Amino acid sequence: MLLPLFTKLTLQPSNAVSVRTYMNVRSLHPKRFTSIFSEVPVRPRSAWQLYCREVLNQETNEPKQKIADAMKNTIAPKWNMLTDAERQVYHTRFAEESKKHDFLFEEALANATSQQIYDENLLRKKYKLETIRDPQLPKRPTNAYLIFFAQWLGNNKERLKGVRMPDQTKEAAEVYKKMTIEEKQKYLDIANQNNKDYLKAITQFSSTIVPFKAVRPKAVRGPRPTKYLPENKYKKPKSGVVSVNTKATKPTKSAKTA
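Numbering (our numbering), first residue to last: 392 to 649.
Next comes the structure, spelled out in structure tokens:
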């Protein structure tokens, strides 16, 4: 069933950046700190969720188990009895709210600086929330084989129509394996140049970020207790105080013979 869908897959260019816009409520609106997505509404999952929200009024104080039972026993049969025209209202609302969420999410991400994203990711890691990928972060380059594979797919686009993706990758791997070092060299040169450009870009990007440890003030320790000072380590007991060893000791050899 899914094989025809995989045959339509295409490789994205190396400079393409895909941003996942969906986040759950806990990650999108954390309670411990103010996120850059504080003004972004939550993205609905489906038209069915919007219908449940409307029926439950979203402000109910019922326990989660009762809400789940109501969705299963009461709301689901009502949803199944709706006509296509009545369901289309919720599908339209779902598309509008999803579009609004995606627009505001990308806008908030574009307006945030790399330093803001870095600082927020530190807090997200601390509270075990989903981290944010900086769109300005340079993307790692691909190796020589993937560069060859993308070019090979473009040159054989017409011939490979209807061919499964596993078969395409297998054929490309066999072609690349039979190539000589001289034939592979141009792809290796492109990969090496891309790697140099990436190292230069990531160095320039890292220079704009101030690490947390660089601005964190050092802890100031108080004076050390006198009992831990070296001169007091082997200090003799005060006069009149006799130290007694309470541990049992083994008898010596001379004591045994006596």
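By construction, the Cβ of each residue, glycine as well, lies at the ideal position given by its N, Cα and C atoms. This one's a predicted model, so the numbers in the text were calculated from it and none came from an experiment.
Check, Outcome
"Closer than 8 Å, CB to CB, is ASN547 near chain D or not?", "Of the chains in the structure shown, none is chain D; there is only one protein chain."
"Taking the straight line between their C-alpha atoms, what separation do you get for GLU450 and GLN506?", "In this predicted model, GLU450 has a pLDDT of only 48, less than 50, meaning its place in the structure is not dependable; the value taken from the coordinates is given anyway. Their Cα atoms are separated by approximately 37 Å."
"Just to confirm my understanding: we take LEU514, look at its own chain, exclude 5 residues before and 5 after, and list those with CB closer than 6 Å. What are they?", "PHE424"
"Going along the chain, which unbroken runs of the alpha helix (DSSP H) with 4 or more residues stay wholly within the region 509–561?", "535–546"
"Answer yes or no: do ARG434 and HIS492 have a C-beta to C-beta separation smaller than 8 Å?", "yes"
"Does PRO432 pass the burial test, meaning 16 or more other C-beta atoms within 10 Å, or should it be called exposed?", "exposed"
"By alpha-carbon positions, which one of LEU419, CYS443, LEU579 and LYS519 ends up nearest to LEU537?", "LEU579"
"When the Cα atoms are used, what is the spatial distance from ASN502 to ARG524?", "14 Å"
"Between the region 544–554 and the region 580–587, can you find at least three pairs of beta-carbon atoms closer than 8 Å?", "no"
"Tell me whether THR483 sits in a helix, a strand or coil according to DSSP, three-state version.", "helix"
"Going by Cα to Cα distance, which pick from LYS530, LEU441 and LYS568 is closest to VAL480?", "LEU441"
"If I measure Cβ to Cβ from GLU430 and keep anything under 8 Å in the same chain, skipping five residues before and after, which residues do I get?", "LEU495 and ALA499"
"Give the straight-line distance between the Cα atoms of ALA486 and ARG444, rounded to the nearest whole angstrom.", "16 Å"
"Taking the alpha helix (DSSP H) that ASN471 belongs to, which residues open and close that run?", "467–472"
"Leaving aside the five residues before and after HIS482 along the sequence, list all residues of the same chain whose C-beta is less than 7 Å from its C-beta, in chain order.", "ALA438"
"Among the residues of its own chain, which have a CB less than 6 Å from the CB of ILE581, if the five just before and after it don't count?", "ILE538"
"Can you grab the Cα-Cα spacing for the pair ILE427 / GLU521, in whole Å?", "13 Å"
"Can you have a look at ALA563 and say buried or exposed, based on whether 16 or more other CB atoms are within 10 angstroms of its CB?", "buried"
"Which of helix, strand or coil does DSSP assign to GLU450?", "Note that GLU450 has pLDDT 48, beneath the 50 cutoff, so the model's placement of it is unreliable and the number below is only indicative. If DSSP states are grouped into helix, strand and coil, GLU450 belongs with coil."
"Less than 8 Å between the CB atoms is what I'm expecting for PRO529 and ILE593, so what's the real figure, rounded?", "5 Å"
"Let's test the definition: count the other Cβ atoms within 10 Å of the Cβ of MET472 and tell me whether it reaches 16, buried, or not, exposed.", "exposed"
"If you draw a straight line from the alpha carbon of THR560 to that of LYS569, how long is it in whole angstroms?", "14 Å"
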